[in-house]
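Input: a single structure, listed below in structure tokens.
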Amino acid sequence: MAIRLFSALALFGLVCLNAWQSGVQAEGTPPRPSSQQRRPPATSGQRKLFPISLDGKWGFIDSTGRVAIKPQYTSASSFCEGLAPVQVNGKFGYIDTAGSTVIPLQFDRAERFSEGLAAVSAANKWGYVTSTGAEAIPMQFDGAGEFKEGLAAVRIGPGWGYVTRAGILVVRPQFSTARAFSEGLAAVEFAAGRGSGGWGYIDKTGRTVIPANFSWAEPFSEGLASAMANNARGYIDRSGSWVIQPMFYNAGEFSHGLAPVQIGSGGKFAYIDRQGNFVTKPEFDSAGAFRQGLACARIGPKNGYLNTRGVFVIALPEATGVWDFEEGGLAGINVGEKAGWIDKTGKYVWKPSR
Numbered sequence: 032m033a034i035r036l037f038s039a040l041a042l043f044g045l046v047c048l049n050a051w052q053s054g055v056q057a058e059g060t061p062p063r064p065s066s067q068q069r070r071p072p073a074t075s076g077q078r079k080l081f082p083i084s085l086d087g088k089w090g091f092i093d094s095t096g097r098v099a100i101k102p103q104y105t106s107a108s109s110f111c112e113g114l115a116p117v118q119v120n121g122k123f124g125y126i127d128t129a130g131s132t133v134i135p136l137q138f139d140r141a142e143r144f145s146e147g148l149a150a151v152s153a154a155n156k157w158g159y160v161t162s163t164g165a166e167a168i169p170m171q172f173d174g175a176g177e178f179k180e181g182l183a184a185v186r187i188g189p190g191w192g193y194v195t196r197a198g199i200l201v202v203r204p205q206f207s208t209a210r211a212f213s214e215g216l217a218a219v220e221f222a223a224g225r226g227s228g229g230w231g232y233i234d235k236t237g238r239t240v241i242p243a244n245f246s247w248a249e250p251f252s253e254g255l256a257s258a259m260a261n262n263a264r265g266y267i268d269r270s271g272s273w274v275i276q277p278m279f280y281n282a283g284e285f286s287h288g289l290a291p292v293q294i295g296s297g298g299k300f301a302y303i304d305r306q307g308n309f310v311t312k313p314e315f316d317s318a319g320a321f322r323q324g325l326a327c328a329r330i331g332p333k334n335g336y337l338n339t340r341g342v343f344v345i346a347l348p349e350a351t352g353v354w355d356f357e358e359g360g361l362a363g364i365n366v367g368e369k370a371g372w373i374d375k376t377g378k379y380v381w382k383p384s385r
């Protein structure tokens, strides 16, 4: 998928599938479940529906576990802005929360809607459509990502730049990698031909705001961004100054004022606050960012969800994979090759199936 070309690139563990795990994934390749670890895609929109797989077909349930759209698709992804991309016979289109096909199945690839537009692909080119299926930006790009803060990263040849919702290329394709805008800035990897290369940050005009002083950089969250220098990660502010010195092997995003960090290669995870103080012991084998007030984590075989005090409030000994809680109050769970959903009490609203 297009967004996979430049989205967050940290390696995530197979047990806590949205938690930072030791190691860094190959550039340009996002975390992806194995065939044994299938994640129900995240859900958003006015009516909260959650994808399920049953007898090899995909459909949707509501937050109570009631089947809202019967399983009938080869694949199904997130509902965002009221529409979800689905696949039948190798072609993608979009359905609404009533299960009606709103945009015919005609694309080779289709991404979720964001800010009113969705990236779609045919004949190896990418463009954007509106929620009615009308062409908003012609298929002309070699890669395309979601719109965030009014801009989307697009690739022409080897270079990434940014385009407006009107299709105007406001930042010419020049970067080796380009992440989505967050808090007014985007992390980009400068091509080796521009100085010495490396990662820095640009504003929405393409002006370099934070020089390419880093060997890795992530989007800003709660005013701080994870960045790497001298083979260690820390956190910078919008001026590019280190707020938390690079000392970690992995450093996740801040949410609810906390971020997961890994102490050394193969080491344990802990949570720190915005001042760099440890708020939990480094005791977790994997640990994720907080979503809906809970974070997925693992200690040995103990797999489940933490509250912001670092205490397990949901334990799932049978789970082989756990995912972030989504809007609507459910989280995806893997048990072997099966996928299900739980609520915030840890109760299954949809027992794992495949």
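Its first residue numbered 32, the sequence shown is counted upward by one per residue in the working numbering. We treat Cβ as the ideally placed atom computed from N, Cα and C, and that holds for glycine.
Cβ-heavy atom distance, residue i to the ligand ATP, below 7 Å
| i | result |
| --- | --- |
| Trp354 | Looking at this structure, you won't find the ligand ATP or any other ligand, since it has none at all. |
Classification of residue i by the beta-carbon crowding that lies within 10 angstroms, buried from 16 upward
| i | result |
| --- | --- |
| Ser152 | buried |
| Arg238 | exposed |
| Phe309 | exposed |
| Asn155 | exposed |
| Glu142 | buried |
| Ser272 | exposed |
| Asn262 | exposed |
| Pro116 | buried |
| Gly335 | buried |
| Thr311 | buried |
| Ser109 | buried |
| Gln137 | exposed |
| Pro82 | buried |
| Ser296 | exposed |
| Ile199 | exposed |
| Ser197 | In the sequence as presented, Ser is not what sits at residue 197; that position holds Ala. Its Cβ having fewer than 16 others within 10 Å, Ala197 is exposed. |
Own chain residues within Cβ distance below 6 Å of residue i, not counting five before or after
| i | result |
| --- | --- |
| Arg203 | Gly192 |
| Gly188 | none |
| Arg385 | Ser84, Glu368, Lys369 |
| Ala175 | Ala33, Ala150, Trp157, Val185 |
| Ile275 | Gly265, Tyr266, Gly307 |
| Ile294 | Pro313 |
| Ser145 | Glu177, Phe178 |
| Gly377 | Ile345 |
| Ile134 | Gly124, Tyr125, Gly164 |
| Arg210 | Phe37, Ala217, Ala218, Pro250 |
| Gly13 | Since the first residue of the chain shown is 32 and the last is 385, residue 13 is not available in this structure. |
Through-space distance from residue j to residue i, alpha-carbon basis
| i | j | result |
| --- | --- | --- |
| Pro313 | Ala328 | 12 Å |
| Thr128 | Gly113 | 6 Å |
| Ser252 | Glu358 | 19 Å |
| Cys111 | Gly164 | 15 Å |
| Arg305 | Ser106 | 40 Å |
| Ile373 | Lys79 | 14 Å |
| Pro277 | Val292 | 11 Å |
| Glu349 | Gly181 | 42 Å |
| Ala256 | Asp86 | 42 Å |
| Pro250 | Pro332 | 31 Å |
| Trp354 | Asp93 | 17 Å |
| Met259 | Trp247 | 5 Å |
| Leu48 | Ala99 | Low confidence applies here, because Leu48 scores a pLDDT of 44, under 50, leaving its location unreliable and the question unanswered by this model. |
| Lys375 | Gly324 | 10 Å |
| Ala362 | Gly90 | 16 Å |
| Pro169 | Arg269 | 34 Å |
| Arg140 | Phe300 | 36 Å |
| Ala282 | Phe315 | 14 Å |
| Phe356 | Asp173 | 33 Å |
| Gly288 | Phe343 | 18 Å |
Cβ-based neighbour list, residue i, same chain, cut-off 8 Å, excluding 5 preceding and 5 following
| i | result |
| --- | --- |
| Ile233 | Val202, Leu216, Ala217, Val219, Thr239, Val240 |
| Pro242 | Gly231, Gly271 |
| Thr236 | Val201, Val202 |
Per DSSP, cross-strand counterpart(s) of residue i
| i | result |
| --- | --- |
| Trp89 | Ser84, Tyr104 |
| Asn281 | Gln293 |
| Pro116 | Tyr125 |
| Lys156 | Ala153 |
| Trp354 | Its beta-bridge partners do not exist; DSSP assigns none. |
| Phe245 | Trp230 |
| Asn365 | Gly352, Ala370 |
Rounded Cβ spacing between residue i and residue j (contact assumed at less than 8 Å)
| i | j | result |
| --- | --- | --- |
| Asn244 | Gly231 | 7 Å |
| Thr132 | Gly124 | 6 Å |
| Ser286 | Arg340 | Not really, about 15 Å apart at Cβ, beyond 8 Å. |
| Leu337 | Ala326 | 5 Å |
| Ala222 | Phe206 | 7 Å |
| Ala318 | Ile303 | Not confirmed; about 11 Å, so no contact. |
Beta-carbon proximity list for residue i, same chain, < 7 Å, skipping 5 on both sides
| i | result |
| --- | --- |
| Thr161 | Gly147, Leu148, Ala167 |
| Gly371 | Ile364, Tyr379, Trp381, Lys382, Pro383, Ser384 |
| Lys88 | Pro102, Gln103, Tyr104 |
| Gly96 | Val380, Trp381 |
| Thr195 | Gly181, Leu182, Val201 |
| Gln118 | Tyr104, Thr105, Ser106 |
| Gln171 | Lys156, Gly158 |
| Ile330 | Glu314, Phe315, Asp316 |
Residue-level contact to chain B via CB, residue i, 8 Å cutoff
| i | result |
| --- | --- |
| Glu220 | No chain B is present in this structure, which holds just one protein chain. |
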